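Participant:
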Amino acid sequence: MTPDILCIGSVLWDIIGRSPTAMRLGSDVPGRITRLPGGVAMNIAMTLRRFGLTPGLLTTIGRDLEGDELVGACARMGMVTDHIYRSEDLPTDRYMAVEGANGLIAAIADAHSLEASGDKILRPLADGRLGGSAAPWAGLIALDGNLTEQLLAQIASSPLFVQADLRVAPASPGKAERLRPLLSHPGATFYVNREEANILCTADHPTAEAAAQGLLDRGAERVLVTDGGRPCAEGRRGAGVITDSPPPVLVTRITGAGDTFMAAHIVAERRGEPRATALASALRAAATYVSGEIGS
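Residue 736 is where the sequence shown starts when you use my numbering, and the numbers rise one by one after that.
Set out below in structure tokens:
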């Protein structure tokens, strides 16, 4: 089966502890702990499935029991898992987070296996299964910043990606700098929050609109910058920056919200929605997600 979009990056187990109580350092409170398929690439893929698209996964998953469970879960959700790199000696990656009523308290991403596997995850794009240097993949690719800086730089200049519609998201503010080599890619669209945008700009823009303009000034072709419950911005080289505000909702979860925003925006554009409408659609989808109105 040919995927509608390739999701390249982290696919792992999310272990999330959530409490309805506001928390601080050292808090010990009742709540719920869940284990669900996660990772930036996976969260995007799950949202794409909810909208009826078929994503293909390019990632590393170990050949351990946790990896077998994870690949099985992905396949049952209708994702194309044929091209996943299954490592014999690397364990399946994991992410752990604690969330309170006052937001994300702390998180640890154990994505070392993805980093260690390097460009092995890209082999299907070179060996004819999904493309090659003579006929590179020309469709949508969702790319996450959990890849190493070296691999992201390789992707930025690789002939395998010259025709791709690249949709790029950092894994976290701490990894945003890794995306700098991709700023010059003519087919890249960046999905970042204001903190991540400011890291890429080496600046301190006070609004999403200013941060979006800053990224365009740094060479980006197209950017979307979120800022929590404050106005969001979408900027395109030569077409300026537009803004919209997310609907006000009661926030019940945070992990995965940015990935949901990105996936919903991709789907809206694939439906042919114009620029402002696609931005509004993505903001509504993200608001619905953080309010807990749809399943994880």
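Ideal Cβ positions, reconstructed from N, Cα and C, are used throughout, including at glycine. Since this is a predicted model, take the numbers as computed values, not measurements.
Under a Cβ-count criterion, where at least 16 other Cβ atoms within 10 Å of its own Cβ denotes burial, should Ala1003 be classed as buried or exposed?
Facilitator: Counted from its first residue, the sequence shown places residue 1003 at position 268. Ala1003 is buried by the Cβ-count criterion.
Participant: Could you tell me which of Arg821, Pro826 and Gly791 sits nearest to Met812, measuring between CA atoms?
Facilitator: To locate residue 812, count along the sequence shown from 1; it is residue 77. Of the candidates Arg821, Pro826 and Gly791, the one whose C-alpha sits nearest the C-alpha of Met812 is Gly791.
Participant: Is Ile819 near the ligand COA, in the sense that its beta carbon is under 7 Å from a heavy atom of that ligand?
Facilitator: The ligand COA is absent from the structure shown, which contains no ligand whatsoever.
Participant: Applying the 10 Å Cβ sphere with the 16-neighbour rule, what's the burial state of Ala911?
Facilitator: Stepping through the sequence shown from its first residue, residue 911 is reached at position 176. It is buried - the Cβ of Ala911 has at least 16 other Cβ atoms within 10 Å.
Participant: Using beta-carbon positions only, say whether Ala999 and Ala1017 come within less than 8 Å of one another.
Facilitator: Sequence index remark: in the sequence shown, residue 999 carries index 264 (1-based). Sequence index remark: in the sequence shown, residue 1017 carries index 282 (1-based). Yes, they are a contact pair.
Participant: To which residues of the same chain is Arg971 closer than 6 Å at the C-beta, ignoring the five residues directly before and after it?
Facilitator: In the sequence shown, counting from the first residue as 1, residue 971 sits at position 236. Around Arg971: Arg957.
Participant: So, Leu747 versus Thr827, is the Cβ gap smaller than 8 Å?
Facilitator: By 1-based counting over the sequence shown, the position of residue 747 is 12. By 1-based counting over the sequence shown, the position of residue 827 is 92. The answer is yes: Cβ separation under 8 Å.
Participant: Once DSSP output is grouped into helix, strand and coil, what is the label at Arg767?
Facilitator: Along the sequence shown, one-based indexing puts residue 767 at 32. Residue state, collapsed to three classes: strand.
Participant: DSSP state of Val1002, grouped into three classes?
Facilitator: Residue mapping note: residue 1002 aligns to position 267 of the sequence shown, counting from 1. Helix, per DSSP.
Participant: Tell me the residue span of the alpha helix (DSSP H) that contains Ile934.
Facilitator: Mapped onto the sequence shown, residue 934 falls at position 199. Element bounds for Ile934: Arg929 to Cys936.
Participant: Measure the alpha-carbon distance for Gly1030 versus Thr737 and round it to whole angstroms.
Facilitator: Position 295 of the sequence shown holds residue 1030. Position 2 of the sequence shown holds residue 737. Because Gly1030 carries a pLDDT of 48, less than 50, the predicted location of this residue cannot be relied on, and no value is offered for it.
Participant: By Cβ distance, which residues of its chain are closer than 6 Å to Ala1035, with the 5 residues on each side in sequence left out?
Facilitator: For the chain, the structure presents residues 736 to 1031; residue 1035 sits outside this window and is missing.
Participant: With a Cβ-Cβ cutoff of 8 Å, do Ser919 and Val984 count as a contact?
Facilitator: Working through the sequence shown from its first residue, we reach residue 919 at position 184. Working through the sequence shown from its first residue, we reach residue 984 at position 249. The answer is no: Cβ separation not under 8 Å.
Participant: Have a look at Gly866, Leu950, Gln885 and Asp879 and flag the residue whose alpha-carbon is nearest the alpha-carbon of Val897.
Facilitator: Taking the first residue of the sequence shown as 1, we reach residue 897 at position 162. Among Gly866, Leu950, Gln885 and Asp879, the Cα nearest to that of Val897 belongs to Gly866.
Participant: Buried or exposed for Val815, please, with buried defined as at least 16 other CB atoms from any protein chain shown within 10 angstroms of its CB.
Facilitator: Stepping through the sequence shown from its first residue, residue 815 is reached at position 80. Classification for Val815: buried.
Participant: Hey, how far is the Cα of Asp749 from the Cα of Glu804?
Facilitator: The count along the sequence shown starts at 1 and reaches residue 749 at position 14. The count along the sequence shown starts at 1 and reaches residue 804 at position 69. C-alpha separation (whole angstroms): 13 Å.
Participant: CA-CA distance, Ala877 and Val903?
Facilitator: Taking the sequence shown and counting its residues from 1, one reaches residue 877 at position 142. Taking the sequence shown and counting its residues from 1, one reaches residue 903 at position 168. Distance between the alpha carbons of Ala877 and Val903 is about 6 Å.
Participant: With DSSP as the reference, label Met736 as helix, strand or coil.
Facilitator: By 1-based counting over the sequence shown, the position of residue 736 is 1. Looking at Met736 - three-state DSSP - the assignment turns out to be coil, as it is neither helix nor strand.
Participant: Using DSSP with H/G/I as helix, E/B as strand and the rest coil, what is Gln885?
Facilitator: Working through the sequence shown from its first residue, we reach residue 885 at position 150. Correct three-state label for Gln885: helix.
Participant: Excluding five sequence neighbours on each side, which residues of the same chain lie with their C-beta closer than 6 Å to the C-beta of Arg753?
Facilitator: Here residue 753 refers to the residue found at position 18 of the sequence shown. Excluding residues within five positions, the ones whose Cβ falls inside 6 Å are Gly766, Arg767 and Glu834.
Participant: Could you check whether the segment 848-864 touches the segment 782-800, counting it as contact only if at least three pairs of C-beta atoms, one from each stretch, sit closer than 8 Å?
Facilitator: Flag = yes, the segment 848-864 and the segment 782-800 touch.
Participant: What is the C-beta distance between Leu1080 and Ile740, in whole angstroms, given that I count them as a contact (C-beta under 8 Å)?
Facilitator: Beyond the ends of the chain as shown, which are 736 and 1031, falls residue 1080; an answer cannot be given.
Participant: Using the three-state DSSP reduction, which class does Pro826 fall into: helix, strand or coil?
Facilitator: Position 91 of the sequence shown, counted from the start, is the residue given in the question as residue 826. If DSSP states are grouped into helix, strand and coil, Pro826 belongs with coil.
Participant: Out of Ala891, Leu875 and Val927, which has the shortest C-alpha to C-alpha gap to Ala899?
Facilitator: The count along the sequence shown starts at 1 and reaches residue 899 at position 164. The residue with the shortest Cα to Cα distance from Ala899 is Leu875.
Participant: Which residues mark the beginning and the end of the alpha helix (DSSP H) in which Arg759 is found?
Facilitator: As a working note, residue 759 is residue 24 in the sequence shown. That residue, Arg759, is in no alpha helix (DSSP H); it is neither H nor E in DSSP.
Participant: By the three-class DSSP mapping on this structure, what secondary structure does Phe925 have?
Facilitator: As a position in the sequence shown, residue 925 is number 190, starting the count at 1. Three-state DSSP puts Phe925 in a strand.
Participant: Hey, quick one: how far does the alpha helix (DSSP H) through Asp799 stretch, first residue to last?
Facilitator: Residue mapping note: residue 799 aligns to position 64 of the sequence shown, counting from 1. Asp799 -> no alpha helix (DSSP H), and no H or E assigned at all.
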